[in-house]
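>
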Amino acid sequence: MTRLVLIDGSSYLYRAFHALPPLTNAGGEPTGALFGVVNMLRATLKERPEYVAFVVDAPGKTFRDELYPEYKANRPPMPDDLRAQVQPMCEVVEALGMPILRVPGVEADDVIGTLALAAAAEGIDVTISTGDKDFAQLVRPGVALVNTMSGTRTDSDEAVIAKFGVRPDQVVDLLALMGDSVDNIPGVEKCGPKTAAKWLAAYDSLGGVMASAGEIKGKVGDNLRAALDRLPLSRELATIRTDVELEVGVTDLALREPDVDTLRALYARYGFVQALKELDGGSAANGNVPAKATIARAGSGFVAPAADADGTAPDPALAIEGRYDTILDAAALEAWITRLREAGLFAVDTETDSLDPLRANLVGISFSCEPGRAAYLPLAHDYPGAPAQLDRAVALDLLRPLLEDPAVRKVGQNGKYDLHVLRRHGVAVAGYSDDTLLESFVLDSGRARHDMDSLAKRELGYQTVAYTDVAGKGAKQIPFSQVAIDDATRYAAEDADVTLRLHRVLASRLEAEPGLRPVYRDIEMPLVEVLARVEANGVLLDGDELRRQGAALGRRMLELQQRATELAGRTFNLDSPKQVCALLYDELKLPTLVKTPKGQPSANEEALEAIADLHELPRVILDYRSLAKLRGTYTDKLPEMVNPETGRLHTSYQQAGAATGRLASSDPNLQNIPIRTEDGRRIRTAFVAPPGRKIVACDYSQIELRIMAHLSGDAGLVAAFEAGADIHRATAAEVFGRKLDEVTGDERRAAKAINFGLMYGMGAFGLARNLGISRAEAQDYIALYFSRYPGVRDFMERTRAQAREQGYVETVFGRRLYLEYISRGTQAQRAGAERAAINAPMQGTAADIIKRAMVSVDAWLAGQAGRALMILQVHDELVFECEAGFVDTLLAEVVARMTGAAELKVPLVVDSGVGDNWEQAH
DNA sequence: CGGGTGTCGTAC
DNA sequence: GACGTACGACACCCGA
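This note's numbering puts the last residue of the first sequence at 915; the count rises by one with no breaks.
(1) Per DSSP, what kind of secondary structure is Asn32 in: helix, strand or coil?
(2) Tell me whether Asp1 sits in a helix, a strand or coil according to DSSP, three-state version.
(3) State yes or no: is the C-beta of Thr345 within less than 8 Å of the C-beta of Phe473?
(4) Have a look at Leu577, Ala846, Arg549 and flag the residue whose alpha-carbon is nearest the alpha-carbon of Glu562.
(5) Could you tell me whether the region 96 to 110 touches the region 44 to 59, where touching means 3 or more Cβ pairs closer than 8 Å?
(6) Can you give, in chain order, each stretch of the alpha helix (DSSP H) that sits fully within the region 357 to 434 and has at least 4 residues?
(7) Beta carbon of Phe806, beta carbon of Pro399: below 8 Å?
(8) Hey, quick one: how far does the beta strand (DSSP E) through Asn140 stretch, first residue to last?
(9) What number of angstroms, rounded off, separates the C-alpha of Pro981 from the C-alpha of Ile93?
(10) Considering only the alpha carbon of each residue, which of Gly357, Ala829, Ala821 lies closest to Thr792?
(11) Per DSSP, which residues does Ala459 bridge with? Please list them.
(12) Taking Cβ positions, are Leu131 and Ile0 nearer each other than 8 Å?
(13) Can you list, in chain order, the residues of its chain with a C-beta nearer than 7 Å to that of Leu607? Leave out the 5 residues immediately preceding and following it.
(14) Please name the residue or residues paired with Thr492 in a DSSP beta bridge.
(15) In terms of residues, what are the limits of the alpha helix (DSSP H) holding Val613?
(16) Return the chain-ordered list of same chain residues with a C-beta closer than 6 Å to the C-beta of Ser705, the five sequence neighbours on each side being excluded.
(17) Could you give the distance in angstroms between the alpha-carbon of Gly20 and the alpha-carbon of Cys83?
(18) Give the secondary structure of Thr17 by DSSP, where H, G and I count as helix, E and B as strand, and everything else as coil.
(19) Which residue wins for smallest C-alpha separation from Tyr61, given the options Asp118, Gly365, Thr17, Leu224?
(20) Take the Cβ of Arg762 as the centre, count every other Cβ of all protein chains shown within 10 Å, and call the residue buried at 16 or more, exposed below.
(21) Within its chain, find whatever has a CB closer than 6 Å to the CB of Gly906; leave out the 5 residues flanking it on each side and keep chain order.
(22) Tell me Glu876's beta-bridge partners as DSSP assigns them.
(23) Measure the C-alpha to C-alpha separation of Ala839 and Lys571 and round it to an integer number of angstroms.
(24) So, under 8 Å CB-CB, Ala861 and Glu876 are touching, yes? Tell me the CB distance rounded to an integer number of Å.
(25) Roughly how many angstroms lie between the CA atoms of Ile766 and Ala713, to the nearest whole one?
(26) Between the C-alpha atoms of Ala278 and Gln267, what's the straight-line distance to the nearest angstrom?
(27) Does the Cβ of Gln593 have 16 or more other Cβ atoms within 10 Å, making it buried, or fewer, making it exposed?
(28) Would you mind sorting Pro394 into buried or exposed? The rule is 16 or more other CB atoms within 10 Å of its CB.
(29) Among Leu351, Leu372, Cys362, whose alpha-carbon lies nearest the alpha-carbon of Thr319?
(30) Does the beta-carbon of Gly547 have 16 or more other beta-carbons within 10 angstroms, so that it is buried, or is it exposed?
(31) Taking the beta carbon of Lys183 as the centre, do at least 16 other beta carbons fall within 10 Å, making it buried, or is it exposed?
(32) Who are the near neighbours of Glu397 in its chain, counting only those whose CB is closer than 7 Å to its CB and skipping five residues on each side?
(33) Mind checking whether Phe680 and Leu810 have CB atoms under 8 Å apart?
(34) Determine the burial state of Phe758: buried for a count of at least 16 other Cβ atoms within 10 Å of its Cβ, exposed for fewer.
(35) Tell me, please, whether the region 671 to 688 touches the region 743 to 757 by the rule of three or more beta-carbon pairs shorter than 8 Å.
(36) Apply the 10 Å Cβ neighbour rule to Ala716 and answer buried if 16 or more other Cβ atoms are within range, or exposed otherwise.
Here it is as C-alpha cells:
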C-alpha cells in the first residue's frame, strides 16, 4: 500500500527543545532540538514511505487570530537558542530528501489535516507524526497518528478512546470543554480531560452537553453554564481544518534520495556521531570526527565520603580512592580483558537506554576486578561532540570469549537484567556465579532494602552517584546514551566497583551462615538464569480478543454509568471513592457501616455490599467497578505491553520481591490475572498457544496446607493428606463431628475459611467477619479446630516463640525471614509481625519448593530443543507452552519434578490441565 | 506536570 | 486492631 507520512515539524522542534538538555556542538552552536528532530526523522525514514512532508508554521497571522485576537497571546516568543536551530533543521530535512511545506494564513495543523484527508480519500495509508494530542480528531480508517518521541501509535477509534475516553469525532468537543492554556483557548473552568470525557460519554456531543447544562450540578456545573457562550468559539479554534486550498497535491510529496554529502557535512558540523555512522553503512565513523587515537585514561578520581551517622561503620580500607578508566580503543579493551580473566572473578554491569531489559539497547559496559579500580566501556554514546567509541559488535566479539567462559566467575547486582541485555546483543553469558541483590536478600530478607544504593550506604558507608545525578529526572531526563562519557564513566564504573566490594562483604557474611548458604547457592543463584529464560520466552497474547472484550466491557460500563447518573440525580465520578462517599453518605444519607483504616467512611466492596439492600445505587457502583477493574488493569493494558520485537508478552520477575521468598511479577504483573469471576476468567482465554502448540498448566494442590501439616506434624492433618482426602471436607468432618459424606456445603465453606485463616494468623474477629457469624461462634470453631488438630496449635505457639527469641522464622530449607517489629513497636505492629511469623514458614517453604522445581524442570527443558517452554510462574503453578505431540512427555516429566522437589511428611500432589489457552488449561 | 499518598481490587 | 504476600489503577494533593 502507498504510504504518506506527514510530519508536524513545529511540534517536534518545540518538544525536542524542551525535552533535551541544551547541547551545543564544538563550535558552541545550540544543537539539542536539532538532535532530537534529526533522530526522529531518521527513525521515520527507516520505513521508506513513498510520500512524506515536513510541515511547519509559516510566519504571520492565521485565520484563528482573526477569529480570536487573544489566540496564542500567552505564547512567549521563540527562544533564541531554538530559533537558531530552525534553519539547520530545514537544511537537514532538505538533504534527507523530504519536501518542506509552509502555507501562510493557516497553521501547519490545517495543512496536515487537509493533506491527510485528501490522501486517505485516494486510498493512501496516512501516518501523521506529531506530539500534539489535538490530532486525535483526525484518526479514522487510513489515518493514524504516531508520536516518535514517546513511541506511541494511535490508529483506531479504540486507541483514541483508550487514550482520551472519547471517539475521534468527539475530540474537538473534548478540547473545547477543556480549553488550552498554552494556546489561550478558553474552556470550562475546572473541567479537565476526565470531566469532559464523562460529560461526552453521557451526552455524546458538545451540543448535547450544552443542551443539558442545566442538569449538571456542583461548581463545575456553574462553570459550564458560565462558559456556554464561549464554547462554540473554542470548538472552532480547536478544529483542525481539512479544506485548505493547497497548491500541492500528494503526488508532489515523493520522498527523494538523500543528499549524502550534504548530510555528512551537516552531521559532522553538529557532531551527530551515530547518524554519521549510519550514513556510512554502520561502519565506524570516518575522518569527519576526531581520530580514535584516544587511549584509556586513568583517574577520573573520586574519594569515598565518610560514613554518615546513620550508616554502619564502614571498613576504612574500603573507602579508598577509585581509579576509573574509560575504554575507547581495542588495545585498552584487550588489556582489561586480560586483567579480568587473570582475576578469575569480576563484577560486570551494563548501561542501557531502558529499564526494560527486553527492549534496552546496550550503551556501555563496566567492569571491576579489584576494589577501587574499574573501567567503563562506552559503546553507543551519541551526543554532539561525543568521542569516537569502539564499534559495539567489534567490542562484543572481543569480550565474548571472556563473558561466555564458565570458568571466569561474574558478579552482578540484579544480573538477570544484564544477562537479558547481553543475550539480546549476542552474548550468552556463562559463569554468572554471584549476585549482590540475592546475597543481601538471603541474608536479610524482610529488614533491608536490596538496591545497590541502599546496600552501598549500609554495607560500605558509601554514597553512590545517583542515576538522576548524571541523567536528570522527570521531563529533563535524558537517555544514558546522551550522558557525557566522563560522567557515564564516573557512574558506571562506580557501579561495577561497588558491586565487587559489596560482594566481598556479603559473601563472607554468607559464608559464616551455614544454614543460609544452600538457599543462596542451590536455590537462588541457579534460578537467575531460569527466570531470565522464562521472561524471555514470554507468552503469546491474543490482543484482538482482549480488545473485543474491552470494548464489550466499555459498553456495559457506559450503561451502568448512565444508570448511576439517573439514580444519583446528578453526574459523579464512579472511579472516585471520595465522590462515591459524598454521594452515598452525605447526600443519600445511607448508613456508614464500614470505615477505612484511617477511620473515614469507606466505599469499598464490603461497605457497598452492606448497604446494597437499602438503595439501588451501591449495586450499580459495585458492578461498574468490577468491569472498570478488568478493563483498566487487563483488557486495555495488556495488549499495549506486547513486545514488538517478539510479538509476545514478557513479565519481569522480582527474585527479591517478597520477604517470604516468593517471586513478584511486574510490568505487567501476570500473577494476578483474574480467575474467580466469569468476566475475569475470560481474560485468560487471550493467553494462547501458537498453532500446533498447547498451553499446559501444572499447580501444586493445597501446597501451603500440606506444609502446615509437615511443619506441625499434626497426626490428624498428616493422615488426612496421606489418605488423599478433600482437606476442607475432612476438616469440616473433624470440627463439626460429621462423617465425610455428611458434611454440608456451608460446613465445608466454614472449614475452608478456618484452614486459610489460620495460615494467615487470623483471629476470631476475622473469621466471624468472613463467615458472617458471631464472634463467639467463630471462637468456638477455632477452639474446636485446635482441639482436633493440637499439633497445629503447638506449631503456631512454637513459631511465635521462635520469632520472639531469635527475631526470625525459618522455612524448611533454612530461608530466614527477620521480623523487625516482633519485639518492639506498637502493639498493632507486634501483632502484625506475629501473623507474618506464622505465615512466612508456610508461604516461604512453598516458594522454596516451586523454585527448586523450576530449576529442575528448566534443566530438563534445556535438552528438549524448544519443544516445550516454561512461560509463567504463579506461586503454586507453572505454565508451559508445548508442541501438541509432546504434551504427555512434558506432563510426566514436570509432574515428577514438581512432586519430587521436596520430601515432606505428606505427599506433594500436582494437578494439571492442557488447552489452547490458559483458561482451558485449568 | 511529577511525585507521594490513599483507597480499592486482583492473584495465591 | 482484628488475614499473610505481592502489583497496579485511579483520584487527589502538593509543590515546582
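Glycine is no exception: its CB is placed at the ideal position from the N, C-alpha and C atoms.
The structure displayed is predicted, hence computed values, not measured ones.
Once the coordinates are examined:
(1) helix
(2) strand
(3) yes
(4) Reading off the sequence shown, one finds Gly at residue 562, where the question assumed Glu. Nearest option by C-alpha distance: Leu577.
(5) Short answer: they touch.
(6) 385 to 396, 408 to 417
(7) no
(8) 136 to 140 is the span of the beta strand (DSSP E), which, as asked, contains Asn140.
(9) This structure does not reach residue 981, given that the chain is present from -6 up to 915, and the question cannot be answered.
(10) Ala829
(11) None, per the DSSP bridge assignment.
(12) no
(13) In the same chain as Leu607, and ignoring 5 residues on each side of it, the C-beta atoms closer than 7 Å to its own belong to Leu583, in chain order.
(14) As DSSP reads the structure, Thr492 sits in no beta bridge.
(15) It spans 610 to 623 - the alpha helix (DSSP H) in which Val613 sits, taken as one unbroken run.
(16) Gly784, Val785, Phe788
(17) Straight-line spacing of the CA atoms in Gly20 and Cys83 works out to 20 Å.
(18) The DSSP-derived three-state label of Thr17 is strand.
(19) Leu224
(20) With fewer than 16 other Cβ atoms within 10 Å, it is exposed.
(21) Ala690, Ala914, His915
(22) Arg686
(23) 39 Å
(24) 7 Å
(25) 27 Å
(26) Residue confidence is low: Ala278 scores 34 on pLDDT, short of 50, so the model does not pin down where it sits. Its coordinate-derived value is still stated next. Whole-angstrom Cα-Cα distance: 8 Å.
(27) exposed
(28) Exposed, since its Cβ has fewer than 16 Cβ neighbours within 10 Å.
(29) Leu372
(30) When all chains shown are included, Gly547 counts as buried.
(31) exposed
(32) Val420, Ala421, Val422, Ala423
(33) no
(34) With fewer than 16 Cβ atoms within 10 Å of its Cβ, Phe758 is classed as exposed.
(35) no
(36) exposed
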